[in-house]
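Chains as they are written, first to last, in the numbering used here: chain A, 1 to 230; chain B, 231 to 460.
Protein chains: 2
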Amino acid sequence: MVKTEFSPIADTTRRAEIVALLRRAILTGQLGPGQKLNELRISEQMRVSRAPLREAMRELVQEGLLSSIPYAGTFVIDVTAKDIDDAYSLNQVLDEFAIARTWPLRDQRFFDELDRRHEAVKQATRNLDTTRQIETALQLHGLIYEWADNSVLLETWQRLISRLQMYFALHQHARNEPVPAEDVHETYVRLLKGTDMGAAQRHAREHIHLDFEQLLSYARGLEQRPSRGA
Amino acid sequence: MVKTEFSPIADTTRRAEIVALLRRAILTGQLGPGQKLNELRISEQMRVSRAPLREAMRELVQEGLLSSIPYAGTFVIDVTAKDIDDAYSLNQVLDEFAIARTWPLRDQRFFDELDRRHEAVKQATRNLDTTRQIETALQLHGLIYEWADNSVLLETWQRLISRLQMYFALHQHARNEPVPAEDVHETYVRLLKGTDMGAAQRHAREHIHLDFEQLLSYARGLEQRPSRGA
DNA sequence: TCTTGTTAGATTGTCGACAATCTGATTGTC
DNA sequence: GACAATCAGATTGTCGACAATCTAACAAGA
C-alpha cells in the first residue's frame, strides 16, 4: 500500500469564494479604508444573492478587516497610526516566541522552504510587482510561524498580518515608486540557518523596523487630512 | 457642560443576540466539544429564521469556537491537549508583554478596578458558583490586557481566552467538586500593585501553571476515549 | 460476502421578497 | 432665517421557499 497524500479539495461554496474576493480587494487596496460596502451593488456585481455575501462579510468582520454597525453598514477598517504601532510591537514579541519555538524544529525541509520563499521575494522584486512583493515577503516571514507547531500562534499571526498587509499595500500605493532592489532579507535568512538563536531574534526585531517606520509616518500623514472612502 | 459618559446602546439585531446565546452555551459546556449544531432545530427553538442564525455561526467560526465543513455541518471545536498546551505557552508570552505595557500606566483607577475584580472572584468562590468563578478569574486576569492600551493585544487575548474558558468550564463540569476555597489570586494582585515588575511577570507565569497542569491531564484523559457530541 | 449503484430523507447552501431602520430633503411653523 | 415634524428613498435585517449536497439504507451483481 503506497502512502497517498491528498490535499483537501477546495471549498466549493460561493461564500468561500466571496470571502477570498473581498479579502483580496481589501489587501490590495482596491477597497480603501473607511469605504462602505453596499450589499446590493456588490451582490449584483458578483451575480450572487445577498445571503452568502452577508455571511462572507461577517467572517471578514471577525477577521478584523471590516467593521459593521447595525443598520448603518459595513466598512473597511480605518488605518490609524496607533493600530500600526500596536500591531508592530506585538509582532516583535510574537516573532521572538516563534523563532524560539521553531529553532529546535529546523531541518533540511525547513531550509529548503526558506530558500524557496526567499527566491519568490527576489523574483517579485525583479518583476517590480509591489503587491506580490509584499505578499511574498510576508510569506517568507511567516515560515517561522508555520514551523513553530503552535496552531494558536499561527492563527494569531495570520490575523495580525492580514491587517499589516493592508497597511503595507496602502503605503506602496501611495508612494508608487520602485521598491528597493537590494535584497533586504539576505541576513534574515542567513541567521535563521545559523546557530545563534539570540542573533536571529535580535535581527528579526530590526529587520522590519525600517519598513514600520516608513509605514508609521505615512499613517500619521493620513490622519492629518482624513479622506473618507473612495 | 458636564462630561457625559454614555455607553453604546445595545445591539438590537437578532444576530447579535444569537451570537451571545450560542457563545454562552458553548462556554458553559451546555454545548459540548464536537457536537453538531442543527440549523433548523436551533432556529426553531430560538423562533428565528436561519439567516441570522447562520450569520451568527459564521462569526463564532471566525472566533474559533465553532468549526464548519461545507455541506456537512458546523460543530463545536474539539479539545485537544495540544491546543491547550499551545494556548498556554502563548498566554505566558502575552502575559509578560501585557504586564510590561501596563506597568507604567498603573494609577489609582487601576488599583481600584483590580480590587473590584478580585472581590468578584472571592464572591463567586464563596457562592460555590464554579462557572462564575472561572468567568471572574479570567476577568481579573484580563485587566492587564485592557489596561495595556494595545487594541490588537486585547483582541488577541480575548480570542485566546474564550477558548480557555471553554476548556476550564469543561474541566470543572467533569470534576464537579467544590473549587479551592483559599484565595489563589492574593499574591498576583499584591505584586501588580508593587514596584517589582519582573516579580509580577514571573509570578504570572506560575500563577496559572497549576490550573493548566490539571487541565492538561484532563484533556489527555479525554483523548483516550473520545466521546463525540452529546 | 464484498463491492458497487440507487434512492429517499435530512441538512446545508442560496435565492428573491418583505419588514425595519436610517438618511436626507422637504415642508410647515415660529 | 432657524428649527422641528414629516416623508420618500435607499439600505440593512429577516423571512420562507427552493436547489445542491451529503448520509445511510437498501438492492443488485460479482
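Every residue gets a Cβ at the ideal spot worked out from N, C-alpha and C, and that includes glycine.
Computed from a predicted model, the values in this text were never measured in an experiment.
Got a sec, what are the start and stop residues for the beta strand (DSSP E) residue i sits in?
i, result
"A:Ser67", "Leu66 to Ile69"
"B:Gly303", "Gly303 to Val306"
With a cut-off of 8 Å on the beta carbons, I'd call residue i and residue j a contact; round off their distance for me.
i, j, result
"B:Phe475", "B:Leu267", "As shown, chain B starts at 231 and ends at 460. That puts residue 475 of chain B outside it, with no answer to give."
"A:Pro52", "A:Arg14", "4 Å"
"A:Val93", "B:Phe327", "5 Å"
"B:Gln292", "A:Glu146", "Wrong, their Cβ atoms sit about 20 Å apart, outside the cutoff."
"A:Leu192", "A:Asp149", "With a Cβ gap of about 16 Å, A:Leu192 and A:Asp149 do not count as contacting."
"B:Tyr397", "B:Ile314", "6 Å"
"B:Val382", "A:Leu90", "5 Å"
"A:Ala169", "A:Ile134", "6 Å"
"A:Asp95", "A:Ala204", "4 Å"
For the alpha helix (DSSP H) holding residue i, just list the boundary residues, first then last.
i, result
"B:Thr355", "Gln338 to Arg356"
"B:Trp387", "Ser381 to Arg405"
"B:Met276", "It is not in any alpha helix (DSSP H) - B:Met276 carries neither H nor E in the DSSP assignment."
"A:Ala148", "First-last for A:Ala148: undefined, no H or E at that position."
"A:Asn91", "Ala81 to Thr102"
"B:Gly428", "Met427 to His437"
"A:Val61", "Arg50 to Glu63"
"B:Thr417", "Glu416 to Lys423"
"B:Leu252", "Arg244 to Leu257"
To the nearest angstrom, report how far apart residue i and residue j are at their CA atoms.
i, j, result
"A:Arg190", "A:Ile161", "23 Å"
"B:Glu247", "B:Met287", "12 Å"
"B:Met231", "B:Ala350", "Residue confidence is low: B:Met231 scores 46 on pLDDT, short of 50, so the model does not pin down where it sits. No coordinate-derived value is stated."
"A:Leu164", "B:Glu385", "15 Å"
"B:Pro456", "A:Thr187", "Any reading at B:Pro456 must be qualified, since the residue scores a pLDDT of 44, below 50, and its modelled position is unreliable; the value itself is stated next. One C-alpha to the other measures close to 47 Å."
"A:Asp115", "A:Ala199", "19 Å"
"A:Trp103", "A:Met197", "7 Å"
"B:His348", "B:Thr425", "19 Å"
"B:Val249", "B:Leu290", "7 Å"
"B:His415", "B:Thr355", "12 Å"
"B:Arg389", "A:Ser43", "30 Å"
"B:Gly303", "B:Arg280", "14 Å"
"A:Ser68", "B:His401", "35 Å"
"A:His141", "B:Asp413", "44 Å"
"A:Ala230", "A:Ile26", "The predicted position of A:Ala230 is uncertain, since its pLDDT is 33 and thus under 50; a value taken from the coordinates is nonetheless stated next. One C-alpha to the other measures close to 13 Å."
"B:Gln265", "A:His207", "45 Å"
"A:Ile245", "A:Gly32", "The first residue shown for chain A is 1 and the last is 230, placing residue 245 of chain A beyond what the model contains."
"A:Thr12", "A:Ser217", "42 Å"
"A:Val79", "A:Arg132", "21 Å"
"B:Arg450", "B:Ile307", "16 Å"
"A:Trp157", "A:Asn127", "28 Å"
"A:Gln201", "B:Tyr318", "21 Å"
"A:Phe110", "B:Phe340", "45 Å"
How would you call residue i, buried or exposed, if buried means at least 16 neighbouring beta carbons within 10 angstroms?
i, result
"A:Gly29", "buried"
"B:Pro300", "exposed"
"B:Glu285", "buried"
"B:Asp342", "exposed"
"B:Gln275", "exposed"
"B:Thr366", "buried"
"B:Leu252", "buried"
"B:Gln353", "exposed"
"A:Ala174", "exposed"
"B:Asp316", "buried"
"A:Gln108", "exposed"
"B:Arg331", "buried"
"B:Arg458", "For B:Arg458, the predicted model reports a pLDDT of 38, less than 50, meaning its position is unreliable; a value from the coordinates is still stated below. By the neighbour-count rule (16 or more Cβ atoms within 10 Å), B:Arg458 is not buried but exposed."
Is residue i a contact residue of the ligand ZN, with contact defined as CB to any heavy atom under 7 Å?
i, result
"A:Asn38", "The ligand ZN is not part of the structure shown, which contains no ligands of any sort."
Where the segment 155 to 169 of chain A meets chain B: residues whose CB sits under 9 Å from a CB there: Glu155, Thr156, Arg159, Leu160 and Arg163
What are the residues of the segment 32 to 60 of chain A that lie near chain B, defined by any Cβ-Cβ distance shorter than 7 Å? Ala51, Arg54, Glu55, Arg58 and Glu59
Where the segment 323 to 342 of chain B meets chain A: residues whose CB sits under 7 Å from a CB there: Val323 and Phe327
Contact set between the segment 13 to 25 of chain A and chain B, restricted to residues whose Cβ is under 7 Å from the partner: Cβ contacts with chain B come from Thr13.
In chain order, what residues of the segment 355 to 384 of chain B put their CB closer than 7 Å to some CB of chain A? Asn380, Ser381, Val382 and Leu383
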